[in-house]
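First the structure, in the form of structure tokens, and then the observations on it.
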Amino acid sequence: MTSAGPTRAERRRNTEQRILAAARELFAERGFERTTIRAVASAAQVDPALVMQYFGSKQQLFSQAVRISVAGTGTGTGTGTGTGTEAGTDTGDRPRTGGPEALTDSLLASLGMKIGGLPEASLAMLRSMLTHPEAAEAARAALDHQITELAAAMSAGHEAERQAHDARLHAALAVATMVGVTIGHQLLGIDDLRRASPEEIAAALRPALHALVTGAE
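If you're matching positions, the sequence shown starts at 1043 in our numbering and goes up one per residue.
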């Protein structure tokens, strides 16, 4: 008896992942402006029309690649569209709802993975995000998605006493902190951050992140 082959949905997911893997590599190698849909399609061995069908535009393709390869430098609250820990970003750790301590631990554990070392492809994507307006817009969209997920996790269980605006502001500050530390450590090479161990950085940040998670004044 022969086993059934992959379903149509599985074939689509596999094709999308192949396209995203090719896009990550090319965006990292060539930057946003010099990467074309045709080049991505060629590297993924698919028709360019299929890339457009699945992702809509180069900016949207970059946005998905950012969610996998860059956006996780914020919170580690990936969208689940990626390949797990590849590129050190989407760890599969959605915002936890087990309380402020668990959520703070999740954020700090994610940060520890990022400052422990990102692959060159992720660093190149970060550089592209910082230097190309269209790439920056795609990155902002990916980070906004993280902020939304994190704000929902912060509000879980006590929506009545926490306004949505307040939760989003605190989530945005947490994401900005994580992104800033990652960029300072990995791209700018700030000496004091480089000299500190991930554990020291986590210990120093814990009170601030915990205050943001709980909404403490």
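All C-beta atoms, glycine included, are put in the ideal place defined by N, C-alpha and C.
Cβ-based neighbour list, residue i, same chain, cut-off 7 angstroms, excluding 5 preceding and 5 following
| i | result |
| --- | --- |
| ALA1086 | ARG1060, ILE1061, ALA1064 |
| GLU1176 | PHE1074, GLN1101 |
| ASP1089 | ALA1083 |
Rounded C-alpha distance that separates residue i from residue j
| i | j | result |
| --- | --- | --- |
| THR1173 | GLU1075 | 10 angstroms |
| ASP1132 | ALA1218 | Low confidence applies to ASP1132: its pLDDT is 39, below 50, so where it sits in the model is not reliable enough to give any reading. |
| VAL1270 | ARG1210 | Outside the modelled stretch of the chain, which goes from 1043 to 1259, sits residue 1270, for which no answer is possible. |
| GLY1231 | PHE1104 | 25 angstroms |
| THR1127 | GLY1226 | Below a pLDDT of 50, predicted positions are generally treated as unreliable, and THR1127, at 32, falls in that range; the measurement from the model is reported next regardless. Approximately 21 angstroms between the Cα atoms of the pair. |
| LEU1235 | MET1171 | 22 angstroms |
| GLY1154 | GLU1067 | 24 angstroms |
| ASP1233 | SER1239 | 12 angstroms |
| GLY1141 | ALA1198 | 8 angstroms |
| SER1152 | LEU1185 | 15 angstroms |
| GLY1047 | ALA1194 | 38 angstroms |
| ALA1245 | ASP1208 | 25 angstroms |
| ARG1054 | VAL1093 | 11 angstroms |
| ASP1147 | PRO1249 | 11 angstroms |
| ALA1180 | GLU1242 | 32 angstroms |
| ALA1091 | GLU1071 | 23 angstroms |
| ALA1079 | MET1196 | Checking the sequence, you will find Ile at residue 1079 rather than Ala. Distance between the alpha carbons of ILE1079 and MET1196 is about 38 angstroms. |
| GLU1052 | GLU1143 | 37 angstroms |
| ALA1253 | ARG1050 | 46 angstroms |
For residue j and residue i, believed in contact at Cβ under 8 angstroms, the rounded distance
| i | j | result |
| --- | --- | --- |
| LEU1168 | LEU1251 | In fact, because the Cβ distance is near 21 angstroms, the residues do not count as touching under 8 angstroms. |
| THR1057 | PHE1069 | Going by Cβ atoms, the distance from THR1057 to PHE1069 rounds to 18 angstroms, so no, they are not a contact pair. |
| VAL1221 | LEU1145 | Their Cβ separation, rounded to whole angstroms, is 17 angstroms, which puts VAL1221 and LEU1145 out of contact at 8 angstroms. |
| LEU1165 | GLN1228 | 6 angstroms |
Spatial neighbours of residue i in its chain, beta-carbon cut-off 8 angstroms, leaving aside the 5 residues before and after
| i | result |
| --- | --- |
| ILE1189 | ARG1210, ALA1213, ALA1214, VAL1217 |
| ARG1182 | none |
| ALA1178 | MET1171, LEU1172 |
| LEU1247 | LEU1150, LEU1153, THR1219, VAL1223 |
Contacts around residue i, its chain only, beta-carbon distance under 6 angstroms, and the 5 residues preceding and following it disregarded
| i | result |
| --- | --- |
| SER1099 | none |
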